[in-house]
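Numbering (the numbering used here), first residue to last: 91 to 160.
Beta carbons: idealized from backbone N, C-alpha and C, even for Gly.
Small disclaimer: the values here were computed from a predicted structure and weren't measured.
Taking it in order: structure first as structure tokens, then the write-up.
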Amino acid sequence: MSAPLQAEPGAYLVVEVSDARGERRPELCAGGPDAEGGHGLRLVEALAAEWGVAERIVGKTVWARVAPGR
Numbered sequence: 091m092s093a094p095l096q097a098e099p100g101a102y103l104v105v106e107v108s109d110a111r112g113e114r115r116p117e118l119c120a121g122g123p124d125a126e127g128g129h130g131l132r133l134v135e136a137l138a139a140e141w142g143v144a145e146r147i148v149g150k151t152v153w154a155r156v157a158p159g160r
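Written out as structure tokens, the structure reads:
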């Protein structure tokens, strides 16, 4: 897994996390606070101005644009 950070014009930080597993796209889960998993995208949703998933030849990349101070 890699997690490069890159500054973007307009004062947003672009965060990308890539992995080789591409069998399913990540999605927000309705799990409660006691659930063992499924909280990562909830954090992304809460902090990011915008986020999405980019398919790759092998795997996928989840990206997010985060405003400073979030």
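Handout entry: Status (buried if at least 16 other CB within 10 Å, exposed otherwise) for ALA139
Key = If you number the sequence shown from 1, residue 139 lands on position 49. ALA139 comes out exposed.
Handout entry: Endpoints, the beta strand (DSSP E) within which GLU135 is located
Key = Counting from 1 along the sequence shown, the entry for residue 135 is found at position 45. Where GLU135 is concerned, there is no enclosing beta strand (DSSP E), although the alpha helix (DSSP H) it sits in stretches over 130–137.
Problem - Cα-Cα separation between GLY149 and GLU117, rounded to whole angstroms - result: Position 59 of the sequence shown, counted from the start, is the residue given in the question as residue 149. Position 27 of the sequence shown, counted from the start, is the residue given in the question as residue 117. For GLY149 and GLU117, the distance between alpha carbons rounds to 15 Å.
Problem - Which of helix, strand or coil DSSP assigns to ASP109 - result: The count along the sequence shown starts at 1 and reaches residue 109 at position 19. Strand.
Handout entry: Buried versus exposed, by CB contacts within 10 Å (16 or more), ALA154
Key = Within the sequence shown, the letter at position 64 stands for residue 154. It is buried - the Cβ of ALA154 has at least 16 other Cβ atoms within 10 Å.
Practice task
Specify the secondary structure class of ALA144 as computed by DSSP and reduced to three states.
Solution key: Mapped onto the sequence shown, residue 144 falls at position 54. In the structure shown, ALA144 sits in a strand (DSSP, three-state: E or B).
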